[in-house]
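The block underneath contains the structure these notes are about, expressed in C-alpha cells.
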Amino acid sequence: MDEISAGFIRAIQLIVTLDPQVVEITARSLSISLTSVFIASLIDIPIGGIIQFHNFRGKRALINLIQTFYSLPTVTVGLLVFLLLSRSGPLGSLGLLFSPEGMIIGQTILITPIMIGLTISALGGVSVQIKETAMSLGATDLQVIFTILKEAKAAVIAAILLGFGRALSEVGVAMMIGGNIRGYTRVLTTAISLETSMGDLELSMALGIILISISLAVNLLLNRIQGR
Amino acid sequence: MALIEIKGLYKSFGKSEILNDINLDMEEGKVMALIGPTGSGKTTLLRHIDTLDQPTRGSIFFHGEDICRLSSKEKFLVRRRMAMVFQKPVMFNRSVYENVSYGLKVRSKENSRDDVLHTLEEVGLTGYESRSATTLSGGEMQRIALARAMVIKPEVLLLDEPTANLDQKSASAIDDLIERLAHGGTTVIIASHNMTECRRLANRFAILVNGKITRTGRPNDIQLDRGQYIGFLESIDPSDKT
Amino acid sequence: MEGKVLKISMLLLALAVLCTAVGVADNSRLKIATTTSLYDTGLLDFLQGKYEDKYNASVSIVSGGTGIAIQYGQRGDVDLLMIHDKARELKFVQDGDGLQRRCIAYNYFVIVGPKNDPAGIKGMNATQALKIIMEKGKADPNNVKFVSRGDNSGTQAREQLLWKNAGYNYSKINNSGPWYIDAGSGMGATLLMTNEKSAYTLSDTGTYMAYRGNLSLVPLIEGGNDLLNVYVAIAINPKKHPGVNCEAANQFINYLVSAEGQKLIADYGKDKYGQPLFFPAAGNCDKIGCSSAECAVPTNASCAAA
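Protein chains in written order, with this note's numbering: chain A, 1130 to 1357; chain B, 315 to 556; chain C, 5 to 310.
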C-alpha cells in the first residue's frame, strides 16, 4: 500500500519537473485518443441519427447488437484490427501496424459502438413533439435532425466524452496495434502495463494517477457542460 | 373552390376509428372553429391538414391539390405554407428569441430581428427575447408558440387550443390577435372548447364528436337557438358554462 | 448553425491532423521484434540509442514472446527478429521467412529459487534439478513449486527441452499438479510471480540480474551446455515478404556484429550490476555452437526482391 502514497509523490515529482518521457507519453495518449474520438464523432453521430430516425426491419436487432458491442474486450478488437492491418492482412500495404495512425484506426473502431449507441439514446430522449414542432415550423429533414441534435446536445456531448475516456484508458488496442514502442507508440496505458510487468510499481502508480487525473478533468468538463 | 376541401377522410389506428368520414370545406381568409370534447379528433384533423399524419382513406385538397397523395418533398413544401401551434407546446431549449425566430431561420430569413420583436410585442411578451424559453410558465410558452407560428406569416394557421392555459385577460388579448390575423388574410383553423372564443372568432364552426362531424354552421345560426345550443354543448362538455 | 458546427469541426480536424503529423506513419523506421527476456534487460533500448545517433535512423522495437515475434516475422510486420530458440530460428530461415541467422550474443539460463532451497537442488545439473523439483513438488506443493513462462517463448522452449532431456513427456508435466504454475507471462513478470510464490523458475541471467533488486530469489543452477542461451538476429526475407526494410535490417545486424557493437554488448550492465549481462558472440563461436559463417560476421544476403 505504500506504493500508492509513493506513487502520488512520484506522480507529483514527474508532473512538476515535466519529466520529458512522461510528457511525451501523455501528449501521445491525448493526441491519439482525441483524434480517435474526433473521427468517431464525425462518422458515428450521423449514423446514430440515421438509425434513430428511420424505421426499418431489424432496427431493434441492430440496436441490440450495437449495445452488445459496448463492452467488447479491447484485446479482441486489438486482435481483429491487427489481422486487418498486418502486412499479410487485407490492408497490409498501408503499413499502418505499429504506428500511431494504426492505433487511431483501432481506437476509432473500438469506441464506435458506444458512440453510435449513445447517440441513438440521446436522440431518443428528445421529445417527439420537438420533431413535430420543428416540422410544423417548416424545417427540412436535415434541419429537423440538427434541431434534435441540438436539443440532445448535453447527452451527445456525454457520449463523446465517454468515447474519449474509453479510448484513453484502453490497453488492448494500443498494445496490439501500437506495440508499445518507446518514443513512437508508447502511451500511458501501455507504459503502465510495461512498468507493472517489470516491477516498477511506483512509476506504474504514478502514471496511473496521471491518467486518472485526466479522466477527472474530462468528467469535470462534462459536468460543467451538462449543468448549463 | 374553397382553399381547403376535406373529402371522405378516415383515420383508423388499429381498431379505433379516430376520424370517421370527415367532409369539410374551409374558405380562404376565414376562421373555422372545430368544437368538441377531448378525444373527438380535433387534434388529429389539424395534424392531417398540416401533413403530419396520413389518412387511412380520403383526401385533403389544398389549392385544388390532394396533399395526401403528394411525395414527402411536396408535402414539405405544403407544410411550409402553414404553421401549427400544438396543445401544450414544447419549447426548444434556447432563448425566447431563438424559439420565435426558428421558422425564419429554417427558411434562411435570418435578418428579421424587427419582425421577431414586433411579434413578441403582439403576444404581450415584450422584453422576453433573452430569457430561456424552457423556464417560462405554461401560458407564456403558449404565447411563444403562437408567436413562432405568426412570425413566418403562414397562409394557414392551425391552432390547437391556443388559449387553453391562459387567464381570461391574456386569452382575450390573444383572441384579438387572431382576429387581426384573420382580417389580414390568414386562414385560421382553431380547435377549441372555449365557446366565447369560438363565437367571437369563427366565421364557421364544425362540431366533432367521436371522430364524426355532427353539425356545421355559422355562429349566428346557433345563437338563434340559445337554449338548445347550450343544452347541446353541455352534452359534450359539461364543464363549459360560457 | 450548421455552418458554425462545420467550421468548428474543420478547425478541430486540422488541429488533430497537426498533432498526429508529429508521428506520421514512418516507413523508413526499422522495425524489430524481440523477446521480453532480451527487451526487459534494457539492452535493446540502449543499443537503439547508440545506433540511432550513429546512423541518424529511427528504430521501433516491439517485444513479446518468441512465439509472437516469429508471427510478426512470418507476416512481414517487422524487418528483423532478435530471438533465442535455435530450432525455430532454423525453421524460420528454412521456410524462407528469414534471410540468415547471425549469432550476436549469449548468456546462460539459470534456475533460480528461494534462498532456503526447499527441494535441495543446489549442485545438481539442470535436468536432475527439474526432476527433483517435480518429485518434491508433487509430494509437497505448498513448499516446492515451479513457475513456467507458459508463453511459447524461447525460455519456455528451453524449459520444455530440459524436461524432454530428463525423460519426461512435457504434456504430462503441465497440469500434473498445483506444484507446476503456468504463468503465461514475459520473463520479468514471471520472475516477480516466482518471487511472490517462493518458487523455482528458469530464467535467462540477463533478466534475472536486471530484476535482482526486486527479488529475493537466488541462482541455484548455473552454467553448463544445456543452459546455454544464444541470441540470434535474423532479417526478414524481402522475397517472401515484399515491403520489409531489408537494407535497414542488414545495417543493424552489421552494427551488432561490428567491433563497436560487440563491445557495447559485452560491457552492458557492468557498472550497474557489477557484472555483464551478456557475452559477445565474437570469439566464442565454437563455445556457443555457431558456425563461423553465422557467428558475429556481417550479413551477405542480398536485399534484391527478385
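No residue lacks a Cβ here, since even glycine has one placed at the ideal position from N, Cα and C. Since we're looking at a predicted model, the values are computed, not measured.
Whether Met1305(A) touches Val1204(A) by CB criterion (8 Å): Taking the first residue of the first sequence as position 1, residue 1305(A) is located at position 176. Taking the first residue of the first sequence as position 1, residue 1204(A) is located at position 75. In contact: Met1305(A) and Val1204(A) (Cβ atoms closer than 8 Å).
Inter-residue spacing [alpha-carbon to alpha-carbon] between Ala316(B) and Lys325(B): Looking up residue 316(B) in the second sequence gives position 2. Looking up residue 325(B) in the second sequence gives position 11. Rounded to whole angstroms, Ala316(B) and Lys325(B) show a C-alpha spacing of 22 Å.
Leu1214(A), DSSP secondary structure in three states: In the first sequence, residue 1214(A) corresponds to position 85, counting from 1. Residue state, collapsed to three classes: helix.
Neighbouring residues, chain A, relative to Leu196(C) (Cβ below 7 Å): For the purposes of this step, residue 196(C) is taken as the residue at position 192 of the third sequence. Under the 7 Å cutoff, chain A gives Gly1328.
Sub-8 Å separation of Ile1310(A) and Phe1227(A) beta-carbons: Taking the first sequence and counting its residues from 1, one reaches residue 1310(A) at position 181. Taking the first sequence and counting its residues from 1, one reaches residue 1227(A) at position 98. With a cutoff of 8 Å on beta-carbon distance, Ile1310(A) and Phe1227(A) are scored as near each other.
Where Glu435(B) falls: helix, strand or coil (DSSP): Numbered from its first residue, the second sequence carries residue 435(B) at position 121. Correct three-state label for Glu435(B): helix.
Contact under 8 Å by Cβ, Gln401(B) with Asp474(B): Numbered from its first residue, the second sequence carries residue 401(B) at position 87. Numbered from its first residue, the second sequence carries residue 474(B) at position 160. Yes, Cβ-Cβ distance for Gln401(B) and Asp474(B) is below 8 Å.
Contact list for Gln1236(A) against chain B, beta-carbon separation under 7 Å: As a position in the first sequence, residue 1236(A) is number 107, starting the count at 1. Think of a sphere of 7 Å around the beta carbon of Gln1236(A): no beta carbon from chain B falls inside it, the nearest being about 32 Å out.
Span of the beta strand (DSSP E) around Asp335(B): As a position in the second sequence, residue 335(B) is number 21, starting the count at 1. 330-340 is the span of the beta strand (DSSP E), which, as asked, contains Asp335(B).
Alpha-carbon spacing of Asp271(C) relative to Gly1246(A), whole angstroms: Translated into positions along the third sequence, residue 271(C) becomes position 267. Translated into positions along the first sequence, residue 1246(A) becomes position 117. Taking the CA atoms as reference points, Asp271(C) sits about 57 Å from Gly1246(A).
For Ser64(C), the three-state DSSP class (helix, strand or coil): Here residue 64(C) corresponds to residue number 60 of the third sequence, with the count starting at 1. Strand, per DSSP.
Amino acids of chain A, ordered along the chain, whose beta-carbon sits closer than 7 Å to that of Gly80(C): One-based indexing of the third sequence puts residue 80(C) at position 76. In chain order, Arg1216, Ser1217 make up the part of chain A whose C-beta sits under 7 Å from the C-beta of Gly80(C).
Residue-chain proximity (Phe1227(A), chain C), Cβ-Cβ < 8 Å: In the first sequence, the residue the question calls residue 1227(A) occupies position 98. Chain C contact via Cβ: present.
Per-residue contacts from Leu1252(A) into chain B (C-beta, under 7 Å): The residue you call residue 1252(A) lines up with position 123 of the first sequence. Result: empty, since nearest Cβ-Cβ is about 14 Å, beyond 7 Å.
Proximal residues to Gln266(C) (C-beta, below 6 Å), its chain only, five neighbours per side dropped: To locate residue 266(C), count along the third sequence from 1; it is residue 262. So the qualifying residues of the chain are Pro284, Ala286.
Contacts that Phe376(B) makes with chain A (C-beta to C-beta distance below 9 Å): Mapped onto the second sequence, residue 376(B) falls at position 62. Those do not exist, as Phe376(B) stays about 15 Å from chain A at its closest Cβ, beyond 9 Å.
Proximal residues of chain A, C-beta to C-beta of Asp364(B) below 7 Å: In the second sequence, residue 364(B) corresponds to position 50, counting from 1. For a Cβ distance threshold of 7 Å, residue set Ser1265 of chain A lies close to Asp364(B), ordered along the chain.
Cutoff 8 Å: Gln1181(A) Cβ touching any chain E Cβ: Of the chains in the structure shown, none is chain E; the protein chains are A, B and C.
Residue from Leu1143(A), Gly1301(A), Gly1294(A) with nearest C-alpha to Asn1348(A): Position 219 of the first sequence, counting from 1, holds the residue named residue 1348(A). Checked all of Leu1143(A), Gly1301(A), Gly1294(A); the closest Cα to Asn1348(A) is Gly1294(A).
Residue environment, Gln542(B), which counts as buried when at least 16 other CB atoms sit within 10 Å: Position 228 of the second sequence holds residue 542(B). Low per-residue confidence applies at Gln542(B): pLDDT is 46, beneath 50, and the placement is therefore not dependable, though the value from the model is reported in the following sentence. Burial is judged here by how many other beta carbons sit within 10 angstroms of a residue's own beta carbon; Gln542(B) has fewer than 16 and is exposed.
Cβ pair count under 8 Å reaching 3, the region 371-390 of chain B against the region 318-338 of chain B: Result yes; three or more Cβ-Cβ pairs closer than 8 Å.
Residues sharing a beta bridge with Val114(C), DSSP: Taking the first residue of the third sequence as 1, we reach residue 114(C) at position 110. DSSP lists Ser207(C), Glu226(C) as partners of Val114(C).
For Arg106(C), the residue or residues it bridges with in DSSP: The residue labelled residue 106(C) in the question sits at position 102 within the third sequence. According to DSSP, which records beta bridges pairwise, Arg106(C) is partnered with Ala237(C).
Amino acids of chain C, ordered along the chain, whose beta-carbon sits closer than 8 Å to that of Gly1207(A): In the first sequence, residue 1207(A) corresponds to position 78, counting from 1. Those within 8 Å of Gly1207(A) in chain C number zero; the least Cβ separation is about 13 Å.
Neighbourhood of Val28(C) by C-beta, 8 Å cutoff - its chain only, sequence neighbours within 5 removed: Within the third sequence, numbered from 1, the residue matching residue 28(C) stands at position 24. With a pLDDT of 47 at Val28(C), under the threshold of 50, the modelled position of that residue is not reliable, and the figure given next carries that caveat. Within the same chain, Val28(C) has no close Cβ partners at all.
Cutoff 8 Å: Tyr411(B) Cβ touching any chain A Cβ: Taking the first residue of the second sequence as 1, we reach residue 411(B) at position 97. Taking Cβ atoms only, chain A never reaches closer than 8 Å to Tyr411(B), which makes this a no.
Chain-ordered neighbours of Val404(B) on chain A, where CB pairs are closer than 7 Å: For the purposes of this step, residue 404(B) is taken as the residue at position 90 of the second sequence. Per Cβ cutoff of 7 Å: Ser1256, Gln1258, Ile1259, Thr1262.
Inter-residue CB distance, Thr1319(A) and Gly1307(A) (contact presumed, cutoff 8 Å): If you number the first sequence from 1, residue 1319(A) lands on position 190. If you number the first sequence from 1, residue 1307(A) lands on position 178. Sure, about 7 Å apart at Cβ, within 8 Å.
Same chain, Cβ closer than 7 Å to Asp208(C), neighbours up to 5 away in sequence not counted: Translated into the one-based positions of the third sequence, residue 208(C) becomes position 204. Same-chain partners within the cutoff: Ser41, Asn111, Phe113, Thr159, Met191, Asn233.
Below-8 Å beta-carbon distance, Arg1315(A) vs any chain C residue: Position 186 of the first sequence, counting from 1, holds the residue named residue 1315(A). With 8 Å as the cut-off, Arg1315(A) does not count as an interface residue toward chain C.
Every unbroken beta strand (DSSP E) inside the region 159-218 of chain C [3 residues or more]: If one requires a minimum length of 3 residues, the beta strand (DSSP E) runs lying completely within the region 159-218 of chain C are 184-186, 204-208, in chain order.
Rounded distance between the beta-carbons of Asn425(B) and Gln456(B), thought under 8 Å: For the purposes of this step, residue 456(B) is taken as the residue at position 142 of the second sequence. For the purposes of this step, residue 425(B) is taken as the residue at position 111 of the second sequence. Beta-carbon to beta-carbon, Gln456(B) and Asn425(B) are separated by about 27 Å, too far to satisfy the 8 Å threshold.
Whole-angstrom distance between Ser202(C) and Leu221(C), CA atom to CA atom: Along the third sequence, read from residue 1 onward, the residue named residue 221(C) stands at position 217. Along the third sequence, read from residue 1 onward, the residue named residue 202(C) stands at position 198. Spanning the two alpha carbons is a distance of roughly 8 Å.
Cβ pair count under 8 Å reaching 3, the region 1264-1276 of chain A against the region 1220-1237 of chain A: Fewer than three pairs of CB atoms, one per stretch, sit closer than 8 Å, so the region 1264-1276 of chain A makes no contact with the region 1220-1237 of chain A.
Three-state class that DSSP yields for Glu548(B) in the structure shown: Position 234 of the second sequence, counted from the first residue, corresponds to residue 548(B). Below a pLDDT of 50, predicted positions are generally treated as unreliable, and Glu548(B), at 48, falls in that range; no measurement from the model is reported.
Environment of Ala1288(A) [buried if 16+ CB atoms lie within 10 Å]: Residue numbering aside, residue 1288(A) sits at position 159 when the first sequence is read from its first letter. Answer is buried; the Cβ neighbour count reaches 16.
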